[in-house]
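Count along the sequence shown from 1, then add 12; that gives the number in my numbering. Just so you know, even glycine gets a beta-carbon here, dropped at the ideal spot from N, CA and C.
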Amino acid sequence: MNTMKDTKISQSLLKDIYNFKLREECGLRIKAKYVLGMREEPTDAMRMGNWFEYKATEQLPRDGQEPIPDTLKSGDLSAPYRKLENQLLNYKKIMERYDIKIVETGFSFNANDKATGILDILADWDGERVIIDIKTTAHIDNRWEKYG
13 MNTMKDTKIS
23 QSLLKDIYNF
33 KLREECGLRI
43 KAKYVLGMRE
53 EPTDAMRMGN
63 WFEYKATEQL
73 PRDGQEPIPD
83 TLKSGDLSAP
93 YRKLENQLLN
103 YKKIMERYDI
113 KIVETGFSFN
123 ANDKATGILD
133 ILADWDGERV
143 IIDIKTTAHI
153 DNRWEKYG
């Protein structure tokens with residue numbers, strides 16, 4: 013069994029602790045997820061985000077399973093996934109329009125025994141090396157808002 017001492021700091025853990033401080037997250041859920049290693053069933057939104065990220069980066073999610081989109085009886089993508097497919101085209105246009113050059117996707121780092129992380133995209137953009145964290149959100153140009 014994992015202990016808090018064995019738990020590495022990650023962006024997700026820090027975000028959940030911050031939300032706990034705001035009384036928007038349950039401490040027992042944080043313990044189950046990060047200390048006891050329990051996994052919850054992903055929501056539809058999480059599944060869609062995983063599929064989008066997989067299609068954009070060609071990297072498998074942490075569970076190592078290829079995300080499977082919802083389809084109709086005909087085999088066609090469901091309406092929400094068709095919208096995401098259009099957003100993938102927008103993603104590619106944005107990368108091209110802004111001349112963002114992908115250096116690596118899915119880069120995993122373990123800086124030390126205290127922290128860990130996986131980058132969605134490491135890229136060169138406008139003369140700088142940048143980290144791109146892919147999200148399926150409503151606002152592509154507003155990084156400071158909750159859904160930006």
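So SER24 is in the alpha helix (DSSP H); what residue range does that whole segment cover?
Residue mapping note: residue 24 aligns to position 12 of the sequence shown, counting from 1. Its alpha helix (DSSP H) spans residues 23–33.
Compute the distance between the beta-carbons of ILE106 and THR117, then report whether it is under 9 angstroms.
One-based indexing of the sequence shown puts residue 106 at position 94. One-based indexing of the sequence shown puts residue 117 at position 105. Going by C-beta atoms, ILE106 is not nearer than 9 angstroms to THR117.
Helix, strand or coil, according to DSSP, for GLY87 in the structure here?
For this step, residue 87 is matched to residue 75 along the sequence shown. If DSSP states are grouped into helix, strand and coil, GLY87 belongs with coil.
Ordered along the chain, which non-local residues of its own chain (more than five positions away) have a Cβ less than 6 angstroms from that of THR19?
Start at 1 with the first residue of the sequence shown, and residue 19 comes out as number 7. Result list for THR19: TYR46, VAL47, in chain order.
Figure out for me which residue from ASP125, PRO79, ILE42, LEU40 has the closest Cα to the Cα of PRO54.
Reading the sequence shown from its first residue, position 42 is the one you call residue 54. For the residues ASP125, PRO79, ILE42, LEU40, the minimum Cα distance to PRO54 belongs to PRO79.
With DSSP as the reference, please indicate the residues paired to ILE146 in a beta bridge.
Position 134 of the sequence shown, counted from the first residue, corresponds to residue 146. Looking at the DSSP assignment, ILE146 forms no beta bridge with any residue, so it has no partner.
Work out the CA separation of GLN71 and PHE64 for me, nearest whole Å.
Here residue 64 refers to the residue found at position 52 of the sequence shown. Here residue 71 refers to the residue found at position 59 of the sequence shown. The straight-line gap from Cα to Cα measures roughly 10 angstroms.
Give the DSSP-derived three-state secondary structure of THR69 in the structure shown.
Within the sequence shown, numbered from 1, the residue matching residue 69 stands at position 57. In the structure shown, THR69 sits in a helix (DSSP, three-state: H, G or I).
Give the DSSP-derived three-state secondary structure of GLY9 in the structure shown.
Because the chain in this structure spans residues 13 to 160, residue 9 falls outside the shown range and cannot be described.
Return yes when the Cβ of LEU96 is within less than 9 angstroms of the Cβ of MET60, no when it is not.
For the purposes of this step, residue 60 is taken as residue 48 along the sequence shown, with counting starting at 1. For the purposes of this step, residue 96 is taken as residue 84 along the sequence shown, with counting starting at 1. For MET60 and LEU96, yes; Cβs fall inside 9 angstroms.
Rounded to whole angstroms, what is the Cα-Cα separation between ILE29 and GLU37?
Position 17 of the sequence shown, counted from the first residue, corresponds to residue 29. Position 25 of the sequence shown, counted from the first residue, corresponds to residue 37. Between ILE29 and GLU37, the C-alpha separation is close to 8 angstroms.
Is it buried or exposed, ASN62, if we count other Cβ atoms within 10 angstroms and call 16 or more buried?
Position 50 of the sequence shown, counted from the start, is the residue given in the question as residue 62. ASN62 comes out buried.
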